[in-house]
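Trainee: Note that numbering that gives the first Met the number 0 has the sequence shown beginning at 0, numbered continuously upward. The beta carbon of each residue, even a glycine, is placed where N, CA and C say it ideally should be. None of these values were measured; they are calculated from a predicted model.
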Amino acid sequence: MESRQADVCVVGAGLAGLAAARRLMQAGRSVVVLEARDRVGGRVWNKTLPDGLVISVGGTWLGLRQDRMFALCQEVGLETYAQYHEGDTILQLDGRTQRYHGMVPKLNLFALAALGIAFKRLERMAQRLPLDAPWDTPGAKALDARTLGGWLASPLNVPTAPAKALLGAAMTTLFCTDPSQLSLLGALVLARGGGNFEYYTDTKQTETHLIDGGSHGLATRLAMRLGEAVRLASPVRRIAQTATDVDLDAETCTVRAEWVIVATPPVLASHIEYDPPLPAAYGHLLRRWAAGAIMRVNTVYETPFWRADGLNGETVAPQSPVPVSLDQSPRSGVPGILCSFSFGPSALALARLDADQRTLMHGLMEGAVRSGERAAEEVLARKWPSS
0 MESRQADVCV VGAGLAGLAA ARRLMQAGRS VVVLEARDRV GGRVWNKTLP DGLVISVGGT
60 WLGLRQDRMF ALCQEVGLET YAQYHEGDTI LQLDGRTQRY HGMVPKLNLF ALAALGIAFK
120 RLERMAQRLP LDAPWDTPGA KALDARTLGG WLASPLNVPT APAKALLGAA MTTLFCTDPS
180 QLSLLGALVL ARGGGNFEYY TDTKQTETHL IDGGSHGLAT RLAMRLGEAV RLASPVRRIA
240 QTATDVDLDA ETCTVRAEWV IVATPPVLAS HIEYDPPLPA AYGHLLRRWA AGAIMRVNTV
300 YETPFWRADG LNGETVAPQS PVPVSLDQSP RSGVPGILCS FSFGPSALAL ARLDADQRTL
360 MHGLMEGAVR SGERAAEEVL ARKWPSS
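1. Tell me the DSSP bridge mates of Y80?
2. So, with DSSP's three-state summary, where would you put L33?
3. Using the beta-carbon count (16 or more within 10 Å), is W150 buried or exposed?
4. Kindly indicate which residue of L48, L63 and G62 has the alpha-carbon position closest to the one of V56.
5. List, from N- to C-terminal side, the alpha helix (DSSP H) runs of 4 residues or more that fit wholly inside the segment 292 to 340.
6. Would you identify the three-state DSSP class for L121, choosing helix, strand or coil?
7. Beta strand (DSSP E) containing K46: first to last residue?
8. From what residue to what residue does the alpha helix (DSSP H) around D143 run?
9. What are the start and end residues of the beta strand (DSSP E) that includes D87?
10. Can you list, in chain order, the residues of its chain whose CB lies under 8 Å from that of R120, leaving out five sequence neighbours each side?
11. Based on the DSSP output, what are the partners of C8 in its beta bridges?
12. How far does the beta strand (DSSP E) with D274 in it extend, from its first residue to its last?
13. Which word fits M102, buried or exposed, when buried means at least 16 other C-beta atoms lie within 10 angstroms of its C-beta?
14. Have a look at A93 and D177 and give me their C-alpha separation to the nearest angstrom.
15. Considering only residues of the same chain and omitting the five flanking positions on each side of D37, which have a CB-CB separation below 8 Å?
16. Quick one: is Y300 buried, meaning 16 or more other Cβ sit within 10 Å of its Cβ, or exposed?
17. So is N45 buried or exposed if we call it buried at 16+ other beta carbons inside 10 Å?
18. Helix, strand or coil, according to DSSP, for S390 in the structure here?
19. Compare the beta carbon distance of L189 and R145 with 7 Å and say whether it is the shorter of the two.
20. Leaving out five residues on either side along the sequence, give the residues of the same chain with a beta carbon under 7 Å from the beta carbon of Y80.
21. Could you give the DSSP three-state label for H97: helix, strand or coil?
22. To which residues does DSSP link G40 through a beta bridge?
23. At what residues does the alpha helix (DSSP H) containing Q180 begin and finish?
24. What are the partner residues of V245, as DSSP defines its beta bridges?
25. In whole angstroms, what separates the C-alpha of N311 from that of G343?
26. Could you say which of A132, L77 and L325 lies nearest to Y83 if we only look at CA atoms?
27. Distance cutoff 7 Å, beta carbons only. Does G192 sit that close to anything in chain B?
28. State the Cα-Cα distance for the pair C8 and A218, rounded to the nearest angstrom.
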């Protein structure tokens, strides 16, 4: 088995691991990157169709405030293009379908007011939390003992059914899990750390651009710049720290380094044997840190026919197992690509169906785009985190 030595060993060749290795190499450090899969990119992945069309089937969009991601694209020579937002969005609620323009759908005034007030209350609670140690703030234990779902269910917080449906779907979409499974404190901390709830639930802020050629190109170009430092199909089994070094045992090699960066999802990090063992509380946290669930389906059409109907390809259907769809067409606009999503419990339920049943269930845009409805030329399904 090959033995290697480096200043730093990075475990995981997703974007986090690759970017860390790139910066270290630029700073003159020697690096080894160990990746368990036979490809780089982690949850960023492209699929190439028989005709050569490349579609992102993992992490896809860039958004406002992600300046470092835009800079990284520029650094490796990738161009981005604006998400198609022109036209109306479709809302399906209580068996009715309507078109609306802008961020706020056409609800009755009481429902709109209830939705806005609920968002403001969540924002105020989040802004009171210190980012460095939110668990030390007064009332943190009470917030942690309550779920986000419990807060949303209270008529004192969200008094109308339409507002409750929209807000519940927005939170399920944001956290990729049922709000009843999420600590209220945890939800507030996540929102506080990255912006605010309104930012995260507005696609015109979070999905502003796509990467030409698919987002996986960012990972592959970073890996190319790292060269032979990246080892694929090399899951790390053990990390042992000595008085002077850190030794790593992987499937294909051993590595001795001064420092180690573990850049994997928490649950995967928990599968590594550590010597000495991780602190008990931290090890328990890694094992308990469950990932959210997402099911996405890309459907490819000859043209983006919805644009001719004055639609932007986005649907909001909070009571559907497929609550969100977006236009994912390439810069040229040809072919037309729609991407639909299921989150949390709905995604888990869809994952238990066979591929044909999932395609039927997604039924993109849920009947909203009916003028000129046509069959897709290609259908791609992907479920996370298991893919």
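Mentor: Walking through what the data contain:
1. L209
2. strand
3. buried
4. L48
5. 304 to 307
6. helix
7. N45 to T47
8. A139 to A144
9. D87 to L92
10. N156
11. V31 and V259
12. E272 to D274
13. exposed
14. According to the sequence displayed, residue 93 carries Asp and not Ala. Roughly 20 Å between the two C-alpha positions.
15. L231 and A232
16. buried
17. buried
18. Summary: the structure shown does not reach residue 390, with the chain confined to residues 0 through 386, and so no result is reported for it.
19. no
20. H208, L209, D211 and R330
21. The question names His, but residue 97 in the sequence shown is Gln. It is a strand residue.
22. G13
23. No alpha helix (DSSP H) contains Q180, which DSSP labels as neither H nor E.
24. Q240 and A256
25. 25 Å
26. L325
27. Considering every chain present, this structure includes no chain B. It has just one protein chain.
28. 18 Å
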